[in-house]
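Presented below is the structure to which this report refers.
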Amino acid sequence: MSEDRFRSRQRAARLAASAVLVLFVGATASCGSGRAPASTDSPSRVLVSVNVPASFTPSNADPAESNSGASGIAPAASLADATLSSGAPSPETITSGDILPDTSPSRSTIPVVTRAPAIECAGPAKIPADARNLKSIAGNVDGDGADDTISAYTANDGTPHVFMQRGGGNGSDVTLPLGDSDTVAISFEDFDHAAGAAVPPPLVVLALGAAPAGSRVATFLSAAGPDNHCLTRWTSGGQPFTFTIDQRGPFSGLLCDGAAGHVYYVLRTATPDGAGSVATTSREIRHIGAVASFNDLGGQTIPDDPAVQHNYGDIQGCGHPPLFP
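Residues in the sequence shown are numbered consecutively from 15, following my numbering.
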């Protein structure tokens, strides 16, 4: 074979290899390598093509040998057709370095289905069929505007419970051992009263448990937890919040005092010194959800008087009759 013909074959082989590269790059970009598709914010496929006319014949070469495929090298025309059949744009519309946009579906258009988690509160989701001493009151405790039913009952194991059946949904239960009884007395408190409010604030539940004669043990409960769906006993400092109403001395009680369109709940104590004077303390109760805090209002010394026992050792105001007439 002459040197010129040998060089012509080399040039033809290089041209065919370039065309094969087109197929390899296009197929790799189309099929991928197992990686996740690129985002639509950046290009994901690059196709470099060399436009090889079917009639191309290297100079100083025998057309019959360089383009016939007899040497085992595919004719340039066949490679160009294969490039078109792979789904890529026509070579006439592509120049070296053209970037093809990613036509796969955008990730942002894939619908995402979310489900609201089921409401789960501690304790039974309904009042047990064998509940005893059942007493119920109705009022808006969760703040949604619909009345909720609050029930006090005794479970079959003898423990007191308070149950909330929301007017708009689930039920929740609190085991509430207070004092010496197997049940508690419940009432609503307009703790967060705001005169003229367009939407009345939710009510708070006061629970009273029996204790030795002349005394009661008390706590508050609110709707808290996820979206105010769970009845929750108040805590203070991470511990269950409990206070006493006691006429046995030292005296302790609860005062409701209204001012400026609000109602203030105040814990008070009175301790006689045995010498004609009584030292008093006052703490305003505040809360966020079911967490209580206190604002110390200070104290004073007042003359001892028989009315001190009643004034400081009972519930005053709050719409309650005295616990100890």
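Backbone N, C-alpha and C fix where the C-beta goes; we use that ideal spot for every residue, glycine too. The model shown is predicted, which means the values in this text are computed figures rather than measured ones.
Closest residue to Val218 among Met178, Pro320, Pro317 (Cα-Cα distance) = Met178
Residue burial classification, Gln323 (beta-carbon count within 10 angstroms, cutoff 16) = buried
DSSP three-state assignment for Asn309, whether helix, strand or coil | strand
Proximity of Ser266 and Gly223 at Cβ, strictly below 8 Å | no
Cβ atoms of Leu268 and Ile329: under 8 Å apart, would you say?
-> yes
Please name the residue or residues paired with Thr233 in a DSSP beta bridge.
-> Ala221
How big is the Cα-Cα spacing for Thr168 and Arg146?
-> 5 Å
Identity of the residues DSSP links to Pro142 by a beta bridge = Partner(s): none; Pro142 has no beta bridge.
Could you give the DSSP three-state label for Val127: helix, strand or coil?
-> With a pLDDT of only 49 at Val127, under 50, the local geometry of the prediction cannot be trusted, and the value read off the model is given with reservation. Coil at Val127, not helix or strand.
Among residues of its own chain, excluding the 5 on either side of Pro254, which ones have a beta-carbon nearer than 8 Å to its beta-carbon?
-> Thr233, Arg247, Trp248
Is it true that the CB of Arg180 sits closer than 8 Å to the CB of His276?
-> no
Pro339 - DSSP class collapsed to helix/strand/coil | coil
Measuring alpha carbon to alpha carbon, tell me which of Ala227, Gln314, Ala199 ends up nearest Pro339.
-> Ala227
Leu235 versus Leu220, Asp241, Ser229, residue with shortest Cα-Cα distance | Leu220
Consult DSSP for Asn325 and reduce its assignment to one of helix, strand or coil.
-> helix
Measure the C-alpha to C-alpha separation of Asp55 and Ile299 and round it to an integer number of angstroms.
-> Unreliable positioning characterises Asp55 in this predicted model, as indicated by a pLDDT of 46, which lies under 50. The coordinate reading is nonetheless provided below. Each residue's alpha carbon lies about 56 Å from the other.
8 Å Cβ cutoff met for Val231 and Thr197 | no
When DSSP builds the beta bridges, which residues end up paired with Arg180?
-> Arg180 pairs with nothing; no bridge assigned.
For the candidate residues Ala136, Gly185, Leu192, Ala166, whose alpha-carbon lies nearest to that of Phe202?
-> Ala166
Out of curiosity, what's the CA-to-CA distance linking Gly137 and Leu190?
-> 11 Å
C-beta atoms of Pro200 and Ile164 nearer than 8 Å | Looking at the sequence itself, residue 200 is Ile, so the reference to Pro does not match. Contact flag set, yes.
Do Asp260 and Gly331 have their C-beta atoms closer together than 8 Å?
-> no
Give the secondary structure of Asn147 by DSSP, where H, G and I count as helix, E and B as strand, and everything else as coil.
-> strand
Could you give the DSSP three-state label for Pro286: helix, strand or coil?
-> strand
Go ahead and label Gly252 buried or exposed: buried means 16 or more other beta carbons lie within 10 angstroms of its beta carbon, across all protein chains shown.
-> exposed
Out of curiosity, what's the CA-to-CA distance linking Ala209 and His301?
-> 19 Å
Give every residue of the same chain whose Cβ lies closer than 8 Å to the Cβ of Phe38, excluding the five residues on either side of it in the sequence, and list them in chain order.
-> Its pLDDT being 42, under 50, Phe38 is placed unreliably in this model, and the coordinates cannot settle the point.
Cβ-based neighbour list, Asp318, same chain, cut-off 7 Å, excluding 5 preceding and 5 following = Pro286, Gly290, Ser291, Val292
Helix, strand or coil for Pro174, going by three-state DSSP, please let me know.
-> strand
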